[in-house]
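One structure is given here, and the rest of the page talks about it.
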Amino acid sequence: MPYIEVNNDFPGIRGLMAFRPEAARPLGALANILLRDTEGLSPAERELIATRVSYLNDCFYCHNSHGEIACVYLDGDRELVDQVRKDPRQAPISGKLKALLNIAGKVQKSGKAVLPEDIAAARAEGATDREIHDTVLIAAAFCLFNRYVDGLGATTPTDLSTYPPRARQIAETGYGNHIFSSPQPH
Amino acid sequence: MAHIDLGNDLPGIRGPMAFRPETAAPLNELAELLLRDNDNTLSRGEREMIGAHVSALNDCFFCHNVHHSLARHYLGDTPLSDKMEALLAIAGKVQQSGKAVTPDDIAAARAQGATDREIHDTVLIAAAFCMYNRYVDGLGTWAPQDRQFYIDRAPMRAAEGYIDFDLYK
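If you read the protein sequences in the order shown, they are chains A and H.
Mapping of the first sequence onto my numbering: position 43 corresponds to residue 292, and the numbering continues sequentially without gaps.
Mapping of the second sequence onto my numbering: position 109 corresponds to residue 953, and the numbering continues sequentially without gaps.
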């Protein structure tokens, strides 16, 4: 049960968005650009950054939701998603993505934790300024989304089998008002 | 010097916003709604104070000075209400972690008359500044060090808002 009366049964951030659709609009627009833009980082890489930051923030709803969306893009490779979530340095991913996930982990702690050497390491692996920018903003945005969800005690389904149908819905149609105005997919 | 080549020498969040206008649009739309929209029982000054408080806790010099100057522009020296003190306590918890907010924190705000909508907006403003602050400092943007700079600009930002303004001025 959320801390406030949201007057709906949607889980996680969906319930909060239905309570305050005026705020949901820019939040959905931001998520769409940051997580679905195909220039530079791939949608899978973007969702993996979101999953890692949500895991570091201990936001069960977000790290499972975005982990499942990443999984859709990665042809169901849940083992890879779990490795990135828990220990990206050991995961079989590119050196560039590892360096960007390191930056994302610094941003999760504090903007000031990001050091010039973190940026230099990502550049040495071929990361562009645009990719570094998007990594920092994705990580920062999930420091918002995670706090929004847990700070209002949003309903968090513990049955992990409920996450994949919603992940497919997002992967196919994107973020937007439909996620709290259409019935929950099963 | 920012960590990346932003292609401009604008201070604070305006640098990366000019670098990536596609993301600046929803970031500014969110700020306008949360901090300036008139359909809100928290005043503009009270909402700016929540942003300033969280920015101070996150040690973000640019955001703290911008939003504290705006809060003082609106509020003058008016002391904060007990309800605002309770909402600022919630905002401080959100700054640490969403999970740091407890039912007791919510109950304390309700006891001072805070509505569900006010509690919602407080949590979302605090969470949003945990994003803005990290965006500004995570990219190593520069900030004018003279606090008077921010005090002088507050009336302009208060009048123009966060959407219809020239990033380069």
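We put the beta carbon where it would ideally sit given N, CA and C, even for glycine.
Quiz item: Tyr-310 (chain A) to Ala-416 (chain A), Cα distance in whole Å?
Solution: Near 12 Å, if we compare the C-alpha coordinates of Ala-416 (chain A) and Tyr-310 (chain A).
Exercise. Starting from the C-beta of Gly-402 (chain A), find all residues in its chain whose C-beta is less than 8 Å away, skip the five residues before and the five after it, and write them out in chain order.
Key: Closer than 8 Å at the Cβ level, and outside the excluded window around Gly-402 (chain A), lie Met-250, Pro-251, Tyr-252.
Self-check item: Span of the alpha helix (DSSP H), counted from its first residue to its last, around Asn-902 (chain H)
Solution: Judged by DSSP secondary structure, Asn-902 (chain H) falls outside any alpha helix (DSSP H); it is assigned neither H nor E.
Quiz prompt | Cβ of Phe-268 (chain A) within 8 Å of any chain H Cβ | solution = The beta carbon of Phe-268 (chain A) sits closer than 8 Å to some beta carbon of chain H.
Quiz item: Which one of H:Asn-882, H:Gly-936, H:Ser-941, H:Asp-926 has the shortest CA to CA distance from Arg-954 (chain H)?
Solution: For Arg-954 (chain H), the closest C-alpha among the options H:Asn-882, H:Gly-936, H:Ser-941, H:Asp-926 is that of H:Asp-926.
Practice problem: Could you tell me which chain B residues have their CB closer than 8 Å to the CB of Ile-963 (chain H), listed as they occur along the chain? | Solution: Among the protein chains of the structure shown, namely A and H, there is no chain B.
Self-check item: Proximity of Ala-420 (chain A) and Ile-318 (chain A) at Cβ, strictly below 8 Å
Solution: In this structure, the beta-carbon distance from Ala-420 (chain A) to Ile-318 (chain A) falls below 8 Å.
Quiz item: So, using beta-carbon positions, are Ala-273 (chain A) and Asn-426 (chain A) closer together than 8 Å?
Solution: Cβ atoms of Ala-273 (chain A) and Asn-426 (chain A): closer than 8 Å.
Quiz item: Tell me which same chain residues have a C-beta within less than 8 Å of the C-beta of Ile-381 (chain A), skipping the five on either side of it?
Solution: These residues qualify, in order along the chain: Leu-349, Ile-352, Ile-368, Ala-371, Arg-372.
Quiz item: CB Arg-991 (chain H) to CB Leu-914 (chain H), shorter than 8 Å?
Solution: Cβ atoms of Arg-991 (chain H) and Leu-914 (chain H): not closer than 8 Å.
Quiz item: In whole angstroms, what is the alpha-carbon distance linking Ser-314 (chain A) and Gly-289 (chain A)?
Solution: The C-alpha of Gly-289 (chain A) is placed about 23 Å away from the C-alpha of Ser-314 (chain A).
Self-check item: Chain-ordered neighbours of Tyr-979 (chain H) on chain A, where CB pairs are closer than 8 Å
Solution: Near Tyr-979 (chain H) (Cβ distances below 8 Å), the residues of chain A are Gly-360, Val-385, Leu-386, Ala-389.
Exercise. Tell me whether the beta-carbon of Ala-972 (chain H) lies closer than 8 Å to the beta-carbon of Leu-874 (chain H).
Key: Against a cut-off of 8 Å, the Cβ pair of Leu-874 (chain H) and Ala-972 (chain H) comes out as a contact.
Quiz item: Which whole-angstrom value describes the C-beta separation of Pro-870 (chain H) and Thr-985 (chain H), a residue pair presumed to lie in contact below a C-beta threshold of 8 Å?
Solution: 19 Å between Cβ atoms; not a contact.
Quiz prompt | Nonlocal neighbours in the same chain, by C-beta distance under 7 Å from Tyr-397 (chain A), ignoring five residues either side | solution = If you ignore the 5 residues before and after Tyr-397 (chain A), its C-beta comes within less than 7 Å of the C-beta of Ile-262, Leu-265, all in its own chain and listed in chain order.
Quiz item: Exposed or buried, which one is Asp-921 (chain H) when buried takes at least 16 other CB atoms within 10 Å?
Solution: Within a 10 Å sphere around the beta-carbon of Asp-921 (chain H) sit fewer than 16 other beta-carbons, which makes this residue exposed.
Self-check item: Residue ranges of each alpha helix (DSSP H) within the segment 866 to 941 of chain H, 4 or longer
Solution: Listed in chain order, they are 888 to 901, 905 to 919, 926 to 940.
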